[in-house]
Amino acid sequence: HKGARLTSQISLPGRYLVYVPQGSMTGISRKLPDTERSRLKSILKQIVPADAGVIVRTAAEGASEDELRRDVERLAKTWEKVSKASASKSGKKGGAPSLLYSEPDLTVRVIRDVFNEDFASLVISGDEVWDEISSYVEDVAPDLAGRMTKWTSEQDIFTAHRVDEQLAKALDRKVYLPSGGSLVIDRTEAM
6 HKGARLTSQI SLPGRYLVYV PQGSMTGISR KLPDTERSRL KSILKQIVPA DAGVIVRTAA
66 EGASEDELRR DVERLAKTWE KVSKASASKS GKKGGAPSLL YSEPDLTVRV IRDVFNEDFA
126 SLVISGDEVW DEISSYVEDV APDLAGRMTK WTSEQDIFTA HRVDEQLAKA LDRKVYLPSG
186 GSLVIDRTEA M
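Heads up: the sequence shown runs through residues 6 to 196, numbered per our numbering.
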């Protein structure tokens with residue numbers, strides 16, 4: 006477990022952009038084509054608050070103005086909550102450090118960073134995980150909510166979708182290639 010970390014470079018990652026409170030710069034990924042970069046720049050001039058900056062992720066390519074606005078508004082509200090929590094704690098003598106905000110857990114980060122319209126479906130096992138992910142997707146990307154399915158079968162989800170089998174194959178010493186050949190992977194000692 007890592008200890009407390011102090012930084013003046015605060016940033017809140019979202020689906021399409023990273024919100025930088027009290028920043029003034031708008032950075033756009035160089036991986037995006039110039040036409041898309043200029044489209045995003047013009048949209049962001051209208052929706053990003055004057056007292057904040059953003060760093061646009063490659064996931065923003067093709068995103069609508071509404072999607073970007075929703076991301077900015079959600080992150081601005083999050084920053085507002087963090088600021089209020091900080092203000093309520095400041096000025097108290099002898100107070101121990103306390104958590105004002107933390108990144109969401111791994112499942113939500115994976116959904117935020119990976120799950121997009123390229124996926125036909127997402128099957129989720131477990132009531133708590135389903136509740137957390139479905140509320141996050143409803144908030145951030147409601148258009149993708151219909152692609153989610155809750156796994157209700159008694160059978161293990163990995164067994165049913167043969168994930169265990171695929172993992173075992175991938176981690177096997179001998180990997181068979183589609184061309185008919187194979188690779189043998191052995192550990193060796195380095196110098």
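Ideal Cβ positions, reconstructed from N, Cα and C, are used throughout, including at glycine.
Alpha carbon to alpha carbon, what distance is there between residue j and residue i?
i, j, result
"SER103", "THR40", "44 Å"
"ALA173", "GLY58", "45 Å"
"GLY131", "ASP169", "18 Å"
"ALA175", "ILE48", "44 Å"
"SER29", "ILE138", "32 Å"
"ILE33", "ASP161", "42 Å"
"THR112", "GLN51", "32 Å"
"LYS94", "ASN121", "38 Å"
"ALA92", "TYR24", "20 Å"
"TYR141", "THR193", "45 Å"
"ILE60", "THR31", "6 Å"
"GLU133", "VAL119", "20 Å"
"THR164", "TRP135", "19 Å"
"TRP156", "ALA65", "30 Å"
With distances taken from CA atoms, which of the options is nearest residue i?
i, options, result
"TRP84", "SER16, ALA173 and LYS155", "SER16"
"ASP76", "GLY19, ARG192, ARG167 and GLU194", "GLY19"
"LEU22", "SER126, LEU80, VAL134 and GLN51", "LEU80"
"GLN27", "VAL53, ARG44, LEU11 and LEU37", "VAL53"
"LYS82", "ASP144, GLU159 and SER187", "ASP144"
"ALA146", "ARG44, GLU108 and ARG117", "ARG117"
"GLU72", "LEU182, GLN171 and LEU45", "LEU45"
Just reading off the alpha helix (DSSP H) that residue i is part of, what are its end residues?
i, result
"THR40", "39-52"
"ILE162", "162-165"
Put residue i into one of helix, strand or coil per three-state DSSP.
i, result
"ILE190", "coil"
"ILE138", "helix"
"LEU111", "helix"
"GLU68", "Before going further, note that residue 68 is Ala rather than Glu in the sequence given. If DSSP states are grouped into helix, strand and coil, ALA68 belongs with coil."
"SER197", "No statement about residue 197 is possible, as the shown extent of the chain runs from 6 to 196 and does not include it."
"TYR89", "Looking at the sequence itself, residue 89 is Lys, so the reference to Tyr does not match. Three-state DSSP puts LYS89 in a helix."
"GLY131", "coil"
"PRO102", "coil"
"LEU11", "coil"
Given residue i, which residues of its chain have a CB within under 8 Å of its CB, disregarding the five upstream and five downstream residues?
i, result
"ARG178", "VAL189, ILE190 and ASP191"
"SER13", "none"
"GLU108", "PRO18 and ARG114"
"THR154", "SER126, LEU127, VAL128 and ILE129"
"ASP148", "GLU122"
Within 7 Å: the Cβ of residue i and any heavy atom of the ligand PLP?
i, result
"SER43", "No copy of the ligand PLP occurs in the structure displayed, which carries no ligand at all."
Over what stretch of residues does the beta strand (DSSP E) that includes residue i continue unbroken?
i, result
"TYR106", "Element bounds for TYR106: n/a, residue is neither H nor E."
"LYS179", "179-181"
"LYS174", "LYS174 -> not in any beta strand (DSSP E); alpha helix (DSSP H) instead, spanning 168-176."
"THR154", "153-156"
"ALA57", "57-61"
Can you find a C-beta in chain D that's less than 8 Å from the C-beta of residue i?
i, result
"ASP132", "You won't find chain D in this structure, because it holds only one protein chain."
Between residue i and the rest of its own chain, which residues show a CB-CB distance below 6 Å, the 5 nearest in sequence each way excluded?
i, result
"TYR106", "VAL87"
"GLU70", "ILE48"
"VAL180", "LEU188"
Output needed for residue i: all residues of its chain with C-beta closer than 7 Å, excluding positions within five of it in sequence on either side, in chain order.
i, result
"LYS36", "THR63"
"PHE124", "ARG152"
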